[in-house]
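Accompanying notes for the structure given below.
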Amino acid sequence: MSRPTSTNPSPDAVSRAPAGVLLLLRLENLAVAIAAVLAFRSAGGTWGLFAVLFLLPDLSMLGYLASPSMGARFYNLAHTYVAPALVAALGWTTGQGLWLQVALIWCAHIGVDRVLGFGLKYPTGFADTHLGQLGRRG
């Protein structure tokens, strides 16, 4: 019996979730994005700040200049809800509303990305995501 040489899935092995599951994931993330925008505005955020910071998490794609594996690591760190949740907690506990606003912008960004089909990345390439391959319709 042969052993696999890598724990990384090949691009052919990246599967899509069933259409019903993908729809639920997109609706869920749409709800997160809308809630984050409404909470941001309620927290006194300005649209100028929102516009300046909204695409900031995408700077993580610069990791792909090093390698697909490094790019996936950086992208995934910037596109999970864990980091903005920690930033929100910092804002909440310190009473610094700006941190809460930054976290809400970040959550809105992630939510919109997921609605558009940009999932967490596999180390095999930018198009290989937990939501399926970018550019493929199933």
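Counting from 1 along the sequence shown, just add 21 to a position and that's the residue number in my numbering. Just so it is clear, CB atoms sit at the ideal spot from N, CA and C, and this is done for glycine as well. Here the structure is a predicted model, which means the values were calculated and not measured.
Can you tell me which of the three DSSP states residue i falls into?
i, result
"T67", "coil"
"G112", "helix"
"Q154", "strand"
"F147", "strand"
"L141", "coil"
"L77", "helix"
"H130", "helix"
"Q122", "helix"
"Y96", "helix"
Exposed or buried, what is residue i when buried is set at 16 or more other beta-carbons lying within 10 Å of its beta-carbon?
i, result
"A109", "buried"
"L152", "buried"
"V123", "buried"
"I55", "exposed"
"T150", "buried"
"A129", "buried"
What number of angstroms, rounded off, separates the C-alpha of residue i from the C-alpha of residue j?
i, j, result
"V58", "V73", "14 Å"
"T115", "G140", "32 Å"
Here's a check: name, in chain order, each residue in its chain whose Cβ is nearer than 7 Å to the Cβ of residue i, leaving out the five neighbours to either side.
i, result
"P144", "N29, P89, S90 and A93"
"F71", "F61 and I126"
"L111", "W120"
"V42", "none"
Short of 8 Å in beta carbon distance, which residues of its chain neighbour residue i, apart from the five on each side in sequence? Order them along the chain.
i, result
"L46", "A38, R135 and L152"
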